[in-house]
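Residue numbers (the working numbering): 1 to 260. Virtual Cβ for every residue (Gly too), placed ideally from N, Cα, C. The structure presented is a predicted model; accordingly, all values stated were derived computationally and were not measured.
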């Protein structure tokens with residue numbers, strides 16, 4: 001059942017704590033109506049026992065590397081929205097993705113380069129964008145994960161994966177819309193099943209050309225977010241997400257957030 005707009009506004013008028021945000025977060029009145037409604041509805045968590053059972057199950061799935069689960073998509077994160085894409089149809093969305101990957105992948109070992117080229121050319125390629133908050137070692141970020149993958153031949157419970165993560169670090173309660181941290185995970189299942197091996201490229205400093213491409217990609221993704229956040233066809237949802245800790249509402253929404 002959708003929360004009426006009038007009820008959302010009444011909740012905001014009654015108390016800022018209706019969203020359980022920290023003191024340095026954006027004023028909720030600066031968020032769009034659809035974002036407010038989603039954040040408030042996500043506060044309605046199910047019973048503690050169902051949550052506990054589902055999180056135990058998810059821990060076991062992660063330990064076995066089943067499905068889309070990888071630690072860098074789950075640990076220390078709150079995923080507050082997920083959009084689905086089709087690479088063949090969303091050409092304008094993926095053009096800057098591939099431009100950045102073309103700059104990054106030559107720095108990977110040859111075997112991982114070959115895997116990535118094969119994966120990106122696969123007609124069965126699946127694509128999601130996860131939007132998240134992350135807290136680690138005293139730092140806070142908001143950002144997104146461009147996640148590309150496919151089912152492993154012969155075992156559809158496993159996935160080959162490539163994840164490009166762009167994050168804007170919070171400073172003094174604010175974010176500035178600039179990518180401060182980029183991570184690229186190249187993760188063929190054949191490697192991941194053996195000691196959880198994968199390739200990671202992490203960057204905080206960029207050349208002028210790389211910076212321009214990375215920033216253009218982030219801004220393109222943010223623009224798409226604001227179009228898709230009101231499109232029911234783009235929202236990924238599964239009943240299990242109601243019971244898993246890393247899916248939920250945000251505990252902070254930075255001033256200047258890209259995802260209002």
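Practice task
State the DSSP-derived secondary structure class of residue 229, mapped to helix, strand or coil.
Solution key: To locate residue 229, count along the chain shown from 1; it is residue 229. Residue state, collapsed to three classes: coil.
Exercise for the section: Run the CB neighbour count on residue 91, radius 10 Å, all protein chains shown included, and call it buried at 16 or more, exposed below. Expected result: Counting from one through the chain shown, the residue named residue 91 turns up at place 91. By the neighbour-count rule (16 or more Cβ atoms within 10 Å), residue 91 is not buried but exposed.
Exercise for the section: Please list, in chain order, all residues of the same chain as residue 161 whose beta carbon is under 6 Å from its beta carbon, the five residues on each side excluded. Expected result: Translated into positions along the chain shown, residue 161 becomes position 161. For residue 161, where only same-chain residues beyond five positions count, the Cβ hits under 6 Å are 149, 187.
Problem - residue 30 versus residue 260 - alpha carbon distance - result: Stepping through the chain shown from its first residue, residue 30 is reached at position 30. Stepping through the chain shown from its first residue, residue 260 is reached at position 260. Spanning the two alpha carbons is a distance of roughly 7 Å.
Problem - Spatial neighbours of residue 228 in its chain, beta-carbon cut-off 7 Å, leaving aside the 5 residues before and after - result: For the purposes of this step, residue 228 is identified with residue 228 of the chain shown, where counting begins at 1. Same-chain partners within the cutoff: 83, 234.
Practice task
Could you have a look at residue 64 and say whether DSSP puts it in helix, strand or coil?
Solution key: Taking the chain shown and counting its residues from 1, the one referred to as residue 64 is at position 64. Three-state result, residue 64: helix.
Exercise for the section: Could you say if the segment 156-175 and the segment 105-124 meet the contact criterion of at least three C-beta pairs nearer than 8 Å? Expected result: yes
Practice task
Report yes if the CB atom of residue 185 is closer than 8 Å to the CB atom of residue 200, and no otherwise.
Solution key: Here residue 185 refers to the residue found at position 185 when the chain shown is read from its first residue. Here residue 200 refers to the residue found at position 200 when the chain shown is read from its first residue. Yes.
Practice task
Pair every Cβ in the segment 92-100 with every Cβ in the segment 213-222, then say whether three or more of these pairs are closer than 8 Å.
Solution key: yes
Handout entry: Sub-8 Å separation of residue 256 and residue 134 beta-carbons
Key = Looking up residue 256 in the chain shown gives position 256. Looking up residue 134 in the chain shown gives position 134. Not in contact: residue 256 and residue 134 (Cβ atoms no closer than 8 Å).
Practice task
Can you have a look at residue 64 and say buried or exposed, based on whether 16 or more other CB atoms are within 10 angstroms of its CB?
Solution key: Position 64 of the chain shown, counted from the start, is the residue given in the question as residue 64. Exposed: under 16 other Cβ atoms inside 10 Å.
Exercise for the section: Taking only the alpha-carbon atoms, compute the straight-line gap between residue 251 and residue 74 and give it to the nearest angstrom. Expected result: Taking the first residue of the chain shown as position 1, residue 251 is located at position 251. Taking the first residue of the chain shown as position 1, residue 74 is located at position 74. If I take the Cα positions, the gap works out to 16 Å.
Practice task
To the nearest angstrom, report how far apart residue 35 and residue 110 are at their CA atoms.
Solution key: Here residue 35 corresponds to residue number 35 of the chain shown, with the count starting at 1. Here residue 110 corresponds to residue number 110 of the chain shown, with the count starting at 1. Residue 35 and residue 110: Cα-Cα distance of roughly 42 Å.
Exercise for the section: Can you have a look at residue 195 and say buried or exposed, based on whether 16 or more other CB atoms are within 10 angstroms of its CB? Expected result: Sequence index remark: in the chain shown, residue 195 carries index 195 (1-based). When all chains shown are included, residue 195 counts as exposed.
Practice task
Reducing DSSP to helix, strand and coil, say where residue 3 ends up.
Solution key: The sequence position of residue 3 within the chain shown is 3, counting from 1. Residue confidence is low: residue 3 scores 49 on pLDDT, short of 50, so the model does not pin down where it sits. No coordinate-derived value is stated.
Handout entry: From 113, 249, 26, residue whose alpha carbon lies closest to that of residue 198
Key = Here residue 198 corresponds to residue number 198 of the chain shown, with the count starting at 1. Of the candidates 113, 249, 26, the one whose C-alpha sits nearest the C-alpha of residue 198 is 113.
Handout entry: Cβ pair residue 144, residue 131 closer than 8 Å
Key = On the chain shown, residue 144 is found 144 positions in, with the first residue counted as 1. On the chain shown, residue 131 is found 131 positions in, with the first residue counted as 1. Cβ atoms of residue 144 and residue 131: closer than 8 Å.
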